[in-house]
Amino acid sequence: MCIAFFSTAHPQYRLIICNNRDEFLHRPTSRAEWWPTPQSHVLSARDLVRAIHPTWMGITKQGRVAVLTNYHEDTCERAVGTYSRGEVVNSWLALPPDSPQTTKEFVTESLSSGKIKNIGGFNLVCGNVMEPLAIMSNRDPDEEPVFWIADKQGQTVGLSNTDYDDRSWPKVPQGEELLVDAIAAHVQNQENEDGLVERLLGVLSTDTLPRLAPTAMAQEYIPILSQSIFIPPVGCDKAQTNKAGVSAREDKEDSPPLPSTPEGQPNHVYLEGLYATQKQTVILVGFDGRVRYFERTLYDNDAQPIPEEARDRSFEFKIEA
């Protein structure tokens, strides 16, 4: 149950984006890095299970940004589509650097495509960090399923795994309030940028999840994940074995993932076991186009906590005209 927050409330930054990626911890995932040629203008972490290595969040040297959250379904199986949600993200970020396509054109084209009907439910925030951002969903019943945010100063909004305007998930309004407070405290105390990053990570680390029995499976937590911004490890970390009884590989970043189903869905071993907030990401965009991209990875692909000295990556660059 990932969550993302967007704010234009800081007087020193055009835009702030914060994101928690919640996932089954044995699902192979890369660290943030610049993509290989010919998409070397894209920066993100990537899901290594799908062959196309899609992402849920990324930014380009030209300022294109995309953040995706899954739409809440009743079961994990129902949430998985034939195609990866990350393909939608990739299709925006991987546009050629000189592509003239606007955010509105991309959103209109995506919503009119029949392909997104074969994708698990999602919300997508996309656009250019120096312009208003669009929110679209393939689960919105409205005729005009697009909202626009970051179109004025002093705005702070959250997005999780339900409709953008659904305020029934406690962690969304709670996170918005905490983010506003964190920004105000940073300004009042005249802290440096690292101090702001730490305050934002503090917001992303707010844990108010009720605890179930120690033997509870991750599926049993689904109804209450909406109550907490941060998800500690939940579920049982049983042996990762496929249906044929073949043990899974060590799930290192350089190890090939287990094969998908004939329908193109991820192998079932990546949809069970321990579930938690696996990555936390902060993007800071200055009014001058300077970007700071900070990623904290909390667990490796063996579901083991990463030592504090090895879990952070930070990138800085200036948006290219």
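Sequential numbering from 1 applies to the sequence shown in UniProt numbering. C-beta atoms are modelled at their ideal positions from N, C-alpha and C, and glycine is treated no differently. Quick caveat: nothing in here was measured; it's all calculated off a predicted structure.
- Item | Best match in 298, 316, 121 for proximity to residue 24 [C-alpha to C-alpha] | 298
Please report how far the alpha carbon of residue 262 lies from the alpha carbon of residue 52, in whole angstroms. Low per-residue confidence applies at residue 262: pLDDT is 45, beneath 50, and the placement is therefore not dependable enough to give any value.
Residue 199, DSSP secondary structure in three states: helix
Item checked: Continuous beta strand (DSSP E) assignments of at least 3 residues falling wholly in the stretch 268–296 -> 275–286
#### Entry: Start-end ranges of the beta strand (DSSP E) lying completely within the stretch 11–83, minimum 3 residues
13–24, 42–44, 57–60, 64–70
Check: Going by Cα to Cα distance, which pick from 157, 291, 94 is closest to residue 37?
Finding: 94
- Item | Sub-8 Å separation of residue 17 and residue 67 beta-carbons | yes
Beta-carbon within less than 8 Å of residue 90's beta-carbon, same chain only, minus the 5 sequence neighbours each way: which residues are those? 52, 54, 55
**Report entry** Which residues DSSP lists as bridging residue 156, in chain order
**Finding:** 7
*Mind checking residue 118: buried by the 16 CB within 10 Å criterion, or exposed?*
exposed
Q | Per-residue burial, residue 165 [other beta carbons within 10 Å of its own, 16 or more giving buried] | A | exposed
query = Ends of the beta strand (DSSP E) at residue 230?
reply = Unbroken run through residue 230: none, as it is neither H nor E.
Checklist entry - Rounded to a whole number of angstroms, what is the C-alpha to C-alpha distance between residue 209 and residue 161? => result 16 Å
- Which value, in whole angstroms, describes the spacing of the CA atoms of residue 50 and residue 137? 21 Å
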